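Numbering (my numbering), first residue to last: 5 to 249.
Printed below as a string of C-alpha cells:
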C-alpha cells in the first residue's frame with residue numbers, strides 16, 4: 005500500500021486538536037497537522053449525497069457518493085478537502101458538513117477495496133445487460149407514439165420500455181422529459197445504458213441509448229426502424245445518466 009502523504013498546516017491552528025485515539029472518529033477540521041504523516045484513514049459520507057470532483061477546484065464532477073459510502077483517504081489537501089481513492093482513479097471530496105474521517109487499518113482498507121470492486125463489476129454487468137436488452141429489438145418497427153418494441157415504438161417509447169423492463173426504472177414518456185431526468189454527464193463519462201439526446205433547433209426531438217464502443221441503439225425512422233448508429237451520427241445536445249451510479 006502506498007505511503008500516505010499529508011499536507012502540514014500551521015501548528016498554532018491545530019495544536020489543540022491533534023488527538024488521535026484509534027479507531028475513534030476524527031473530525032474534519034483536525035485531520036491535518038504536524039505528526040499526522042502516518043496511519044490509514046477512511047472518509048465516510050454522512051450527508052444524503054456529496055459530489056466527488058475530478059479536480060481540487062470542483063469544476064467537474066467525478067461521481068455522486070451517497071450516505072454511508074466510504075473511501076480511502078490518500079491526502080489531506082487542506083481547507084476541508086481530501087483526495088480519495090475511487091476505484092482505479094482519484095477524486096476530491098469536501099468534508100465540512102458532508103463526511104467524517106476515521107483512522108483504520110490495512111485489513112479494513114483491503115476489505116473496502118474488494119467491496120468497491122465487486123460493486124463496480126455489478127454495475128458494469130447491469131449496464132451491459134440493459135444494452136443487450138435493447139439490442140434484441142434491432143430490426144423492429146418504428147411507430148410514432150408506439151410504446152412497445154414488439155409491435156412498434158418511437159424513440160422515447162423505446163428508451164422508456166428498455167429502462168422499465170431491463171432496469172426497473174420508470175422515466176418520462178417524451179424525449180424532452182427524459183432529458184430533464186437523471187444526471188447530465190460528459191461524453192467521456194458515458195457508459196452503456198446512458199441516454200443521448202439530439203435536437204432540431206432549440207427543442208430536443210430524439211433520444212438514443214448508448215451501448216458501448218461508440219454506438220447507440222434507437223428507434224430511428226419509419227424506413228429504418230430500431231437500429232444501431234455511431235453515438236455522434238448527429239450532434240448530441242445532452243447526455244444523461246439515468247441509473248444514478
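We put the beta carbon where it would ideally sit given N, CA and C, even for glycine.
Remember, predicted model here, so these are calculated numbers, not experimental data.
- Per the coordinates, the alpha-carbon of residue 150 lies some 46 Å from the alpha-carbon of residue 103.
- Between residue 146 and residue 232, the CB-CB gap reaches or exceeds 9 Å.
- Taken through DSSP and simplified to helix, strand or coil, residue 142 comes out as coil.
- Spatial neighbours of residue 187 in its own chain (CB-CB distance under 6 Å, excluding positions within 5 residues in sequence) are listed in chain order as 245.
- The Cβ atoms of residue 243 and residue 142 lie no closer than 9 Å to each other.
- With contacts defined as CB atoms closer than 9 Å, residue 92 and residue 71 fail to qualify as a contacting pair.
- Here residue 133 carries a helix assignment [DSSP, helix/strand/coil].
- In chain order, 135, 194, 195, 196, 197, 198, 199, 200, 220, 235, 243 place their CB closer than 8 Å to the CB of residue 214, counting only its own chain and leaving out the 5 sequence neighbours on each side.
- Look at the beta carbons and you see the region 121-130 not touching the region 75-85: under three pairs across the two are nearer than 8 Å.
- Going by C-alpha positions, residue 203 is about 6 Å away from residue 210.
- Inside the region 146-194, DSSP marks whole alpha helix (DSSP H) runs of 4 or more residues at positions 159-166, 179-183, from first to last along the chain.
- In this structure, the straight-line span from the alpha carbon of residue 109 to that of residue 118 is close to 15 Å.
- In its chain, beyond the 5 residues on either side, 158 have a beta carbon closer than 7 Å to the beta carbon of residue 148.
- Nearest neighbour of residue 171 by Cα position, chosen from 177, 131, 237, turns out to be 131.
- Spanning the alpha carbons of residue 205 and residue 180 requires a straight line of approximately 13 Å.
- By the C-beta density criterion, residue 222 is buried, having at least 16 other C-beta atoms within 10 angstroms.
- By the CB criterion at 9 Å, residue 115 and residue 97 fall outside the cutoff.
- With a contact defined as Cβ atoms closer than 8 Å, residue 165 and residue 106 miss out at about 44 Å.
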